[in-house]
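Undergrad: The structure's right below; bear with me while I get my questions together.
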């Protein structure tokens, strides 16, 4: 029963409801008015009138419909593609894991950040590098689990993933840890026929509570139900701050499109050590769209309408749904595509609705697709060399 909910459609619906549908409703009931940051939030919220909110809900329901339409048509198109079965030398995987561990320790040793210190010692460059290793380690962990490589061989990769997880939590990047939880849960529940019993429900609830509890502690509040609810809904409401300022400052049903932000977001694929000043060439949507994002997160509605206008936003979201369905179609034929599908699905409930295209495109196409593909090609070549030298043995 649970398997049918573990696909991109339901993950998208959850994120759509959490980030786009619920925030203005909570605002209408004056929830969390006395909590930090919400006085200023409500100053902007009260600038919205019924007409603007009606247009807004018309837009977001249209986005939902076009995503589902794209997903429907994408699910019906199936091409016959051959995916070869690839085997790896276990020693090559062990070497890869230790190299990953070395890089993680090197980055931590050379950084000046302090974990669990809020944003006082925030370092975006360090966080970006750790996040990339985290995503790739997550991909490789699931991929080699699928390949039945063996726990001992995979131990360095798991260690790298675990250390990155602690660092990400310590730097306040809880969304990445949610990505990890969703990915592993989806892998075992959807593809490994694990029975979704009470044990897993309790575990997931405990992890969910732990993430909320860390958020409460980070902002210095007492641990009680009301404060937990504040942490739960502060995330989408503060993300929606950018949406509400965009709504009353712009014509959200305008056909005008300016995709400069989306196009230049692909510069973010280039590693910083190759293109140090790439940030100067990435055009932020805030440079040409009139809105405010006091806490940094940018609502999907701003990213879409600011780049594509109302018409091409629908076209874009249609093709996103189409793309996800196509990946899902081939996830049952290829281990690589299966893990890729799992990871991009894990973006939909949270990151997809709160991060700009410069982050999303890098995640979907670079960190989760191109980089793992390149690494696995290198591992395969190393496996070939080790097999030629008769060192180690192939996976089963």
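Residue numbers (my numbering): 978 to 1373. Ideal Cβ positions, reconstructed from N, Cα and C, are used throughout, including at glycine.
1. Whole angstroms is fine: what's the gap from residue 1004's alpha carbon to residue 1208's?
2. Going straight from the alpha carbon of residue 1137 to that of residue 1298, what length do you get?
3. Using the C-alpha atoms, what's the distance from residue 1141 back to residue 1131?
4. Identify which residue in 1121, 988, 989, 1022 has its Cα closest to the Cα of residue 1269.
5. Would you tell me roughly how many angstroms separate the C-alpha atoms of residue 1257 and residue 1334, rounded to the nearest one?
6. Tell me whether residue 1055 is buried or exposed, calling it buried when 16 or more other Cβ atoms sit within 10 Å of its Cβ.
7. Could you pull the start and end residues of the alpha helix (DSSP H) that residue 1195 belongs to?
8. With a threshold of 16 other CB atoms inside 10 Å of the CB of residue 1051, please say whether the residue is buried or exposed.
9. From which residue to which residue does the alpha helix (DSSP H) around residue 1238 run?
10. Tell me the DSSP secondary structure of residue 1306 in three-state form.
11. Do residue 1043 and residue 1291 have their C-beta atoms within less than 8 Å of each other?
12. For the alpha helix (DSSP H) that residue 1157 lies in, which residues bound it at each end?
13. Three Cβ pairs or more, each shorter than 8 Å: is that satisfied between the region 1121 to 1128 and the region 1145 to 1158?
14. Measuring CB to CB, does residue 1255 end up less than 8 Å from residue 1239?
15. Measure the C-alpha to C-alpha separation of residue 985 and residue 1325 and round it to an integer number of angstroms.
16. Given residue 1266, which residues of its chain have a CB within under 6 Å of its CB, disregarding the five upstream and five downstream residues?
17. From which residue to which residue does the alpha helix (DSSP H) around residue 1312 run?
18. Is there contact between the region 1012 to 1031 and the region 1071 to 1082, where contact requires at least three CB pairs shorter than 8 Å?
19. Going by DSSP, what residue range makes up the alpha helix (DSSP H) through residue 1217?
20. Could you check whether the region 1331 to 1350 touches the region 1187 to 1205, counting it as contact only if at least three pairs of C-beta atoms, one from each stretch, sit closer than 8 Å?
21. Under 6 Å Cβ to Cβ from residue 1148, same chain only, skipping five residues before and after it: list those, please.
22. Between 1106, 1213, 1102, 1134, which lies nearest to residue 1115 when the distance is taken from Cα to Cα?
23. Using CA atoms only, rank isn't needed, just tell me which of 994, 1038, 1163 is closest to residue 1320.
24. Measure the beta-carbon distance from residue 1294 to residue 1232 and round it to whole angstroms, keeping in mind my assumption that it falls under 8 Å.
25. Would you mind giving the Cβ-Cβ distance between residue 1279 and residue 1223, rounded to the nearest angstrom? I have them listed as a contact below 8 Å.
26. Could you tell me the alpha carbon to alpha carbon distance between residue 1351 and residue 991, rounded to whole angstroms?
27. Going by C-alpha distance, which of 1072, 1013, 1007, 1058 is nearest residue 1358?
TA: For this structure:
1. Start at 1 with the first residue of the chain shown, and residue 1004 comes out as number 27. Start at 1 with the first residue of the chain shown, and residue 1208 comes out as number 231. So the two alpha carbons sit approximately 15 Å from each other.
2. Along the chain shown, read from residue 1 onward, the residue named residue 1137 stands at position 160. Along the chain shown, read from residue 1 onward, the residue named residue 1298 stands at position 321. Looking at the two C-alpha atoms, the distance is approximately 33 Å.
3. Here residue 1131 refers to the residue found at position 154 when the chain shown is read from its first residue. Here residue 1141 refers to the residue found at position 164 when the chain shown is read from its first residue. One C-alpha to the other measures close to 16 Å.
4. Indexing the chain shown from 1 puts residue 1269 at position 292. Among 1121, 988, 989, 1022, the Cα nearest to that of residue 1269 belongs to 1022.
5. Here residue 1257 corresponds to residue number 280 of the chain shown, with the count starting at 1. Here residue 1334 corresponds to residue number 357 of the chain shown, with the count starting at 1. Rounded to the nearest angstrom, the two C-alpha atoms are 16 Å apart.
6. Residue mapping note: residue 1055 aligns to position 78 of the chain shown, counting from 1. Exposed.
7. Here the question's residue 1195 lines up with position 218 in the chain shown. Per DSSP, residue 1195 belongs to the alpha helix (DSSP H) from 1175 to 1195.
8. For the purposes of this step, residue 1051 is taken as the residue at position 74 of the chain shown. The C-beta of residue 1051 has 16 or more other C-beta atoms within 10 Å across all chains shown, which makes the residue buried.
9. As a working mapping, residue 1238 is identified with position 261 in the chain shown. Unbroken alpha helix (DSSP H) run through residue 1238: 1237 to 1241.
10. Residue numbering aside, residue 1306 sits at position 329 when the chain shown is read from its first letter. In the structure shown, residue 1306 sits in a helix (DSSP, three-state: H, G or I).
11. As a working note, residue 1043 is residue 66 in the chain shown. As a working note, residue 1291 is residue 314 in the chain shown. Yes, these two residues count as a Cβ contact at 8 Å.
12. What you label residue 1157 is simply residue 180 of the chain shown in a count that begins at 1. Its alpha helix (DSSP H) spans residues 1151 to 1163.
13. no
14. Taking the first residue of the chain shown as 1, we reach residue 1255 at position 278. Taking the first residue of the chain shown as 1, we reach residue 1239 at position 262. Not in contact: residue 1255 and residue 1239 (Cβ atoms no closer than 8 Å).
15. Your numbering for residue 985 matches position 8 in the chain shown. Your numbering for residue 1325 matches position 348 in the chain shown. Straight-line Cα distance between these residues: approximately 7 Å.
16. As a working mapping, residue 1266 is identified with position 289 in the chain shown. Around residue 1266: 1283.
17. For the purposes of this step, residue 1312 is identified with residue 335 of the chain shown, where counting begins at 1. Residue 1312: member of the alpha helix (DSSP H) spanning 1312 to 1324, first to last residue.
18. no
19. Counting from 1 along the chain shown, the entry for residue 1217 is found at position 240. Unbroken alpha helix (DSSP H) run through residue 1217: 1202 to 1226.
20. Judged by Cβ distances under 8 Å, the region 1331 to 1350 makes no contact with the region 1187 to 1205, as fewer than three pairs qualify.
21. Translated into positions along the chain shown, residue 1148 becomes position 171. Within the same chain, residue 1148 has close Cβ partners 1104.
22. Taking the first residue of the chain shown as 1, we reach residue 1115 at position 138. Cα-wise, what sits closest to residue 1115 is 1134.
23. On the chain shown, residue 1320 is found 343 positions in, with the first residue counted as 1. It is 1163.
24. Taking the chain shown and counting its residues from 1, the one referred to as residue 1294 is at position 317. Taking the chain shown and counting its residues from 1, the one referred to as residue 1232 is at position 255. With 8 Å as the limit, residue 1294 and residue 1232 do not qualify as a contact, their Cβ atoms being about 16 Å apart.
25. Here residue 1279 corresponds to residue number 302 of the chain shown, with the count starting at 1. Here residue 1223 corresponds to residue number 246 of the chain shown, with the count starting at 1. Residue 1223 and residue 1279 do touch by the CB rule: their CB atoms are close to 5 Å apart, below 8 Å.
26. Taking the chain shown and counting its residues from 1, the one referred to as residue 1351 is at position 374. Taking the chain shown and counting its residues from 1, the one referred to as residue 991 is at position 14. Each residue's alpha carbon lies about 32 Å from the other.
27. For this step, residue 1358 is matched to residue 381 along the chain shown. For residue 1358, the nearest C-alpha among the options comes from 1072.
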